[in-house]
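Asker:
Protein chains: 2
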Amino acid sequence: MEPFANLTLSEKKALQNELRAEFDRLCGMKLKLNMARGKPGKEQLDLVSGILTVLSDPADCQCDGIDVRNYGNLSGLPAAKALFAEILGCKPEQCFIGGSASLQLMYDLIAKAWTHGLRHSPRPWSQEPKVKWLCPAPGYDRHFGVSQSFGMELITVPMSPEGPDMDLVEELVKDPAVKGIWCVPKYSNPQGYVYSEQTIARLAALKPAAPDFALMWDNAYCVHEVFGDYLPFPDILSLCAKAGNPDMVYEFASTSKITFPGAGISVMACSEDNQAYLQGLLKYQIISYDKVNQLRHVRFLQSKAHTVEIMQRHARVLAPKFSCVLDTLKREIGPLGLAVWEEPKGGYFVSVNTLPGLARRTLELCAQAGVTMTAAGATYPYGKDPYDSNIRIAPSYPALEELEKAMEIFCLCLKLAALESVC
Amino acid sequence: MEPFANLTLSEKKALQNELRAEFDRLCGMKLKLNMARGKPGKEQLDLVSGILTVLSDPADCQCDGIDVRNYGNLSGLPAAKALFAEILGCKPEQCFIGGSASLQLMYDLIAKAWTHGLRHSPRPWSQEPKVKWLCPAPGYDRHFGVSQSFGMELITVPMSPEGPDMDLVEELVKDPAVKGIWCVPKYSNPQGYVYSEQTIARLAALKPAAPDFALMWDNAYCVHEVFGDYLPFPDILSLCAKAGNPDMVYEFASTSKITFPGAGISVMACSEDNQAYLQGLLKYQIISYDKVNQLRHVRFLQSKAHTVEIMQRHARVLAPKFSCVLDTLKREIGPLGLAVWEEPKGGYFVSVNTLPGLARRTLELCAQAGVTMTAAGATYPYGKDPYDSNIRIAPSYPALEELEKAMEIFCLCLKLAALESVC
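Protein chains in written order, with my numbering: chain Y, 61 to 483; chain B, 61 to 483.
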């Protein structure tokens, strides 16, 4: 294979016809393959079946002097707080245990800022003339969706392997209308970048004009290594406190990709003052999240060390899938110079940047051939990729043989899109 | 025993001294009894232990072609919708399945009205100069708390055994600032009233000035008979639709007092148009509530008939406790004319109305003697009972022998409070 640029127009046309024939053949197979979302696959779910029966009679349901089958304990089971505190490196008192989705905790925090304001808000955000939000991009579509659903103005901040462009962030937070930033600091979604120590220090030490600026620290992949050992990561709460910003940060995590997606438990960690303020609002909304499920997780996961051990079992399922994606890209796309991509050590995605202008068309072709991918543009605010270049590949859900087929089709579609643009 | 009014002052003083001595003796026992909240007791929780193991391996976790262990299905598992639809008499498509708390669904509906508006809102409620809310009282303190937490003006509507005073409700909804009403239509909290057919018809046919008026129909006790057979109850959704108000009503229910409180599943039922509108907002907040727990409930509860059967087992535990409360009141308070009370056939409470001015002092004395009760005034908006009269007794949590002791103390404290007021 040669870079397309080296081919004559008639060679390109000939290649296009050849690939188109192959594409038509694949379309005829009526495949149904999905690389759209970061969903664990069946083999991963089967790994943790033990959690289904870890509580099997009334005696199992007692913990910390609490019968978890009854009402009470707004902020969650003490043992669940202790487990998350150990995993995140913060204190149990800084933890609020949520339901099956950390997304809900994030959404609710912003909803409460909107209706009531955060601890240092001069007024509820609904009474602000304008709320702006920093969106490191490419980033997580659901984060941007939350901000957009509240009518915020989304400001794109470029990402590098170090994390968000901090020169720009420090400049932008001088605007008091800028109320927060989304961060996925470890194995960022979609690139798999791990924020550098310096980036983290600069984020912790931000001096935003808004007194209620929210550093939304979505530590979604805190124990989610794919290749290699567990990577230690600093506790953002103590870093912010040391930098004089104890109430600026809200950290989120969940067990969605440790046990069962959408049926796990979640946590919001923040300063004790923030906890007191927020629990004063949360008490009207809920008596407590599901403590039976909290105790299931405490008993099944046991400790940080045991959780990391379980994650290594997940990694043994995931690593061959990530390798399949990376190897196929290297083999099929590498020599052609049509795209670059990241080689993440953890997280749930492989981020591909095609030559500008090819992403949307590539995914259109994929859809025709029965391969569903995250929509082009989804990794940017408002769903608009200015370069039409970023594609997020989620290798976890399909079985390995399906993934191989899906990647073959993806690479074919990318080549076709590139040829279409030059023929 | 004679009504205190028939006693001379010195007889009253003598009786007061006698009761006070008894009170001091009870205080010395350092009891710790709780009749504060509608919490099922241990025996009830043990009744439903089967739900803990009803899903025990991966094969159990498949339903409606869905692997409930993974992400997806925002509005919930079809089988869970079908179960709630059967119980409530509405359609599965009208059901959104929530997490472990219907309170959260109610709160979130109002939060969304605040941040985004409901389907027919001219603007988000946060942009309204004033939002008023109708609170049939005595009523449920957590309902009033939600409205109050959003800064609404709460308007008390008197309750009768037929339900809220409908003449007044029909008058009040002519004010476009009145945006909704709280209702617990079957076995009202705290009285245990069942709204009459005529009240329900008038509520369904309301013509509020606000186009986005919300009839909040908290059917918390839909299958919660204590004495006697299951009482059929009309489907409010179809009644509202027939009356030309399809989008006015939001019905809520949960399994909190069927399986495990705070670890069950919940439902919001409303028109399909409302569902489409609300799910368009909810999709930013959550991918889906816990479908593993939804399937646990589907498998364990099976059907309306089987759910009613389980509720009859709960009733066999609850009936002696309700009888204990009612018998003790009749024996100790009845002859004295210090209070009147309801004799509910279902729900979770016995509502007592003391002579005006005695409730707060009675509960103060109870607290001194180690008996915790719902705070006086809690059943009224802003926690202020204009007559200082209503007391909500929750008989479910204590064991029967503890309940007997607690009721003995309660009656003693009521007598003491009454004597203090006349001595």
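Beta carbons are placed, not taken as given, at the ideal position from N, Cα and C, and that holds for glycine. Remember, predicted model here, so these are calculated numbers, not experimental data.
According to DSSP, simplified to helix, strand and coil, what is residue 481 of chain B?
Answerer: Indexing the second sequence from 1 puts residue 481 of chain B at position 421. In this structure, residue 481 of chain B counts as helix in the three-state DSSP scheme.
Asker: So residue 185 of chain Y packs on residue 239 of chain Y, CB below 8 Å; how close in whole Å?
Answerer: Numbered from its first residue, the first sequence carries residue 185 of chain Y at position 125. Numbered from its first residue, the first sequence carries residue 239 of chain Y at position 179. Indeed they touch by this definition, with Cβ atoms about 7 Å apart.
Asker: Taking a Cβ distance cut-off of 7 Å, strictly less, list which residues of the stretch 156-181 of chain B are near chain Y, in chain order.
Answerer: The stretch 156-181 of chain B vs chain Y, Cβ under 7 Å: 159, 160, 161, 163, 164, 167, 171, 174, 175.
Asker: Is there at least one Cβ from chain Y nearer than 8 Å to residue 346 of chain B's Cβ?
Answerer: Along the second sequence, one-based indexing puts residue 346 of chain B at 286. Chain Y contact via Cβ: present.
Asker: Any beta carbon of chain B sitting closer than 8 Å to that of residue 353 of chain Y?
Answerer: Numbered from its first residue, the first sequence carries residue 353 of chain Y at position 293. It does; some Cβ of chain B falls within 8 Å.
Asker: Measuring alpha carbon to alpha carbon, tell me which residue in B:301, B:375, B:243, B:319 is nearest residue 265 of chain B.
Answerer: Taking the second sequence and counting its residues from 1, one reaches residue 265 of chain B at position 205. The shortest Cα separation from residue 265 of chain B among B:301, B:375, B:243, B:319 belongs to B:301.
Asker: What does residue 109 of chain B touch in chain Y if you count any residue whose Cβ is under 8 Å from its own?
Answerer: As a working mapping, residue 109 of chain B is identified with position 49 in the second sequence. Ordered by position in chain Y, the residues that pass the 8 Å Cβ test against residue 109 of chain B are 117, 118.
Asker: State yes or no: is the C-beta of residue 159 of chain Y within less than 8 Å of the C-beta of residue 404 of chain Y?
Answerer: As a working note, residue 159 of chain Y is residue 99 in the first sequence. As a working note, residue 404 of chain Y is residue 344 in the first sequence. Result no, Cβ atoms of residue 159 of chain Y and residue 404 of chain Y do not sit closer than 8 Å.
Asker: Helix, strand or coil, according to DSSP, for residue 373 of chain B in the structure here?
Answerer: As a first step, residue 373 of chain B must be located in the second sequence, where it is residue number 313. It is helical.
Asker: Who are the near neighbours of residue 139 of chain Y in its chain, counting only those whose CB is closer than 6 Å to its CB and skipping five residues on each side?
Answerer: Here residue 139 of chain Y refers to the residue found at position 79 of the first sequence. Same-chain partners within the cutoff: 123, 124, 358.
Asker: How close, in whole Å, do the beta carbons of residue 280 of chain B and residue 244 of chain B come, if the pair is a contact with beta carbons under 8 Å?
Answerer: Sequence index remark: in the second sequence, residue 280 of chain B carries index 220 (1-based). Sequence index remark: in the second sequence, residue 244 of chain B carries index 184 (1-based). Contact holds; Cβ gap of about 6 Å.
Asker: What span of residues does the alpha helix (DSSP H) with residue 389 of chain Y cover, start to end?
Answerer: The residue you call residue 389 of chain Y lines up with position 329 of the first sequence. Unbroken run through residue 389 of chain Y: none, as it is neither H nor E.
Asker: So, residue 146 of chain B versus residue 363 of chain B, is the Cβ gap smaller than 8 Å?
Answerer: In the second sequence, counting from the first residue as 1, residue 146 of chain B sits at position 86. In the second sequence, counting from the first residue as 1, residue 363 of chain B sits at position 303. Yes, these two residues count as a Cβ contact at 8 Å.
Asker: Note down the Cα distance separating residue 29 of chain B from residue 420 of chain B, rounded to an integer number of angstroms.
Answerer: Nothing about residue 29 of chain B can be read from this structure; chain B reaches only from 61 to 483.
Asker: Measure from the C-beta of residue 149 of chain Y to each C-beta in chain B and report whether the shortest distance is under 8 Å.
Answerer: Locating residue 149 of chain Y in the first sequence gives position 89, where the first residue counts as 1. By this cut-off, residue 149 of chain Y is not an interface position.
Asker: Relative to the alpha-carbon of residue 215 of chain Y, which residue among Y:222, Y:401, Y:192 has its alpha-carbon at the smallest distance?
Answerer: Numbered from its first residue, the first sequence carries residue 215 of chain Y at position 155. Of the candidates Y:222, Y:401, Y:192, the one whose C-alpha sits nearest the C-alpha of residue 215 of chain Y is Y:192.
Asker: From B:62, B:171, B:119, B:130, pick the residue whose C-alpha is nearest to that of residue 351 of chain B; which is it?
Answerer: Residue mapping note: residue 351 of chain B aligns to position 291 of the second sequence, counting from 1. Among B:62, B:171, B:119, B:130, the Cα nearest to that of residue 351 of chain B belongs to B:130.
Asker: So, is the C-beta of residue 201 of chain B closer than 8 Å to a C-beta in chain Y?
Answerer: Residue mapping note: residue 201 of chain B aligns to position 141 of the second sequence, counting from 1. Residue 201 of chain B does not count as touching chain Y.
Asker: Tell me which same chain residues have a C-beta within less than 7 Å of the C-beta of residue 343 of chain B, skipping the five on either side of it?
Answerer: Position 283 of the second sequence, counted from the start, is the residue given in the question as residue 343 of chain B. Here the set comprises 134.
Asker: Along the chain, where does the beta strand (DSSP E) containing residue 175 of chain Y start, and where does it finish?
Answerer: As a working note, residue 175 of chain Y is residue 115 in the first sequence. Not the beta strand (DSSP E): residue 175 of chain Y falls in the alpha helix (DSSP H), residues 162-175.
Asker: Quick check for students: name the residue ranges of the beta strand (DSSP E) that lie wholly in the stretch 390-471 of chain Y, counting only runs of 3 or more.
Answerer: Segments of the beta strand (DSSP E) lying fully in the stretch 390-471 of chain Y: 399-401, 410-414, 431-433, 450-453.
Asker: Could you spell out where the alpha helix (DSSP H) holding residue 300 of chain Y opens and where it closes?
Answerer: Along the first sequence, one-based indexing puts residue 300 of chain Y at 240. First-last of the alpha helix (DSSP H) with residue 300 of chain Y: 296-302.
Asker: Along the chain, where does the alpha helix (DSSP H) that runs through residue 310 of chain Y open and close?
Answerer: In the first sequence, residue 310 of chain Y corresponds to position 250, counting from 1. Unbroken run through residue 310 of chain Y is the beta strand (DSSP E), 309-314; no alpha helix (DSSP H).
Asker: Using a cut-off of 8 Å between C-beta atoms, extract the partners of residue 350 of chain B located in chain C.
Answerer: Here chain C cannot be found, since the structure's protein chains are Y and B.
Asker: Assuming contact is defined by CB atoms lying nearer than 8 Å, are residue 452 of chain B and residue 439 of chain B in contact in what I supplied?
Answerer: The sequence position of residue 452 of chain B within the second sequence is 392, counting from 1. The sequence position of residue 439 of chain B within the second sequence is 379, counting from 1. Yes, the Cβ-Cβ distance between residue 452 of chain B and residue 439 of chain B is below 8 Å.
Asker: Looking at chain Y, which residues of the stretch 127-145 of chain B have a Cβ within less than 8 Å of any of its Cβ atoms?
Answerer: From the stretch 127-145 of chain B, only 127, 128, 129, 130, 131, 132 have a Cβ closer than 8 Å to chain Y.
Asker: Three or more beta-carbon pairs under 8 Å between the stretch 218-225 of chain B and the stretch 364-372 of chain Y, yes or no?
Answerer: In short, these stretches do not touch, since the Cβ pair count stays below three.
Asker: Can you list, in chain order, the residues of the stretch 84-102 of chain Y whose Cβ is nearer than 8 Å to any Cβ on chain B?
Answerer: Correct list: 97, 99, 100, 102.
Asker: Using only CA atoms, which one of Y:73, Y:335, Y:407, Y:162 lies nearest to residue 287 of chain Y?
Answerer: Here residue 287 of chain Y corresponds to residue number 227 of the first sequence, with the count starting at 1. Of Y:73, Y:335, Y:407, Y:162, the residue nearest in Cα terms is Y:407.
Asker: Just checking: is the beta-carbon of residue 106 of chain B within a distance shorter than 8 Å of some beta-carbon in chain Y?
Answerer: Residue 106 of chain B sits at position 46 when you count from the first residue of the second sequence. Answer yes: the Cβ-Cβ gap between residue 106 of chain B and chain Y drops below 8 Å somewhere.
Asker: Measure the Cβ-Cβ separation of residue 232 of chain Y and residue 194 of chain Y and say whether it is below 8 Å.
Answerer: Along the first sequence, one-based indexing puts residue 232 of chain Y at 172. Along the first sequence, one-based indexing puts residue 194 of chain Y at 134. Their beta carbons are under 8 Å apart, which means residue 232 of chain Y touches residue 194 of chain Y by this criterion.
Asker: If the cut is a Cβ gap below 7 Å, which residues of chain B does residue 205 of chain Y touch?
Answerer: Stepping through the first sequence from its first residue, residue 205 of chain Y is reached at position 145. The answer, in chain order, is 344.
Asker: Since residue 476 of chain Y contacts residue 423 of chain Y with CB under 8 Å, what's their CB separation in whole angstroms?
Answerer: Locating residue 476 of chain Y in the first sequence gives position 416, counting from the first residue. Locating residue 423 of chain Y in the first sequence gives position 363, counting from the first residue. Actually they do not touch by this definition, with Cβ atoms about 12 Å apart.
Asker: So, are the CB atoms of residue 161 of chain Y and residue 347 of chain B less than 8 Å apart?
Answerer: Within the first sequence, numbered from 1, the residue matching residue 161 of chain Y stands at position 101. Within the second sequence, numbered from 1, the residue matching residue 347 of chain B stands at position 287. Yes, Cβ-Cβ distance for residue 161 of chain Y and residue 347 of chain B is below 8 Å.
Asker: Pick out the complete alpha helix (DSSP H) segments inside the stretch 132-161 of chain B, 4 residues or longer, and give them in chain order.
Answerer: As far as the stretch 132-161 of chain B is concerned, its whole alpha helix (DSSP H) runs of at least 4 residues are 138-148.
Asker: My parser needs the beta strand (DSSP E) runs of 3 or more residues fully inside the stretch 182-248 of chain Y; what are they?
Answerer: The stretch 182-248 of chain Y contains these whole beta strand (DSSP E) runs: 192-197, 213-220, 238-243.
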